[in-house]
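Note that my numbering has the sequence shown beginning at -7, numbered continuously upward.
See below for the structure under consideration.
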Amino acid sequence: MKQHLIVEVFRSSKHDGMYLYVEKSKGLKDIPEELMTRFGKGISAMTMLLTNESKLARATPENVTKGIREKGFYLQLPPVKEEYLLDLYKTPTQAVY
-7 MKQHLIVEVF RSSKHDGMYL YVEKSKGLKD IPEELMTRFG KGISAMTMLL
43 TNESKLARAT PENVTKGIRE KGFYLQLPPV KEEYLLDLYK TPTQAVY
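Structure follows, in structure tokens:
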């Protein structure tokens, strides 16, 4: 089924890599207050025509469209940090010569 949606993408003022996709005509007015408290101020990142052929970095157009149609938004969370990268911060480092 061909569908398209004019979407506005907001980035979070509190969390790097967290984005909120909403229908452009509605903006952030219908987003639950609880989510906006966690998300922070929405900073408009872009407006786009979302189609099934759209290329998105970390989401599928189908999932974004479904989220917007069912809940009024699609929340994209930051990528999970690789476990081994987290270990770099926990492991004390010593220079070995």
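The beta-carbon is built from N, C-alpha and C at its ideal position, and this holds for glycine as well.
Within 10 Å of its beta-carbon, does Val72 have 16 or more other beta-carbons around it, so buried, or fewer, so exposed?
exposed
Extent of the continuous alpha helix (DSSP H) run through Leu91
Absent from the model: residue 91. The displayed extent of the chain is -7 to 89, so no value can be given.
Measuring alpha carbon to alpha carbon, tell me which residue in Lys33, Ile60 and Gly59 is nearest Glu8.
Position check: residue 8 holds Asp in this sequence, whereas Glu was assumed. Per the Cα distances, Lys33.
Inter-residue spacing [alpha-carbon to alpha-carbon] between Leu69 and His(-4):
23 Å
Which first and last residues belong to the beta strand (DSSP E) in which Glu15 is found?
Tyr11 to Glu15
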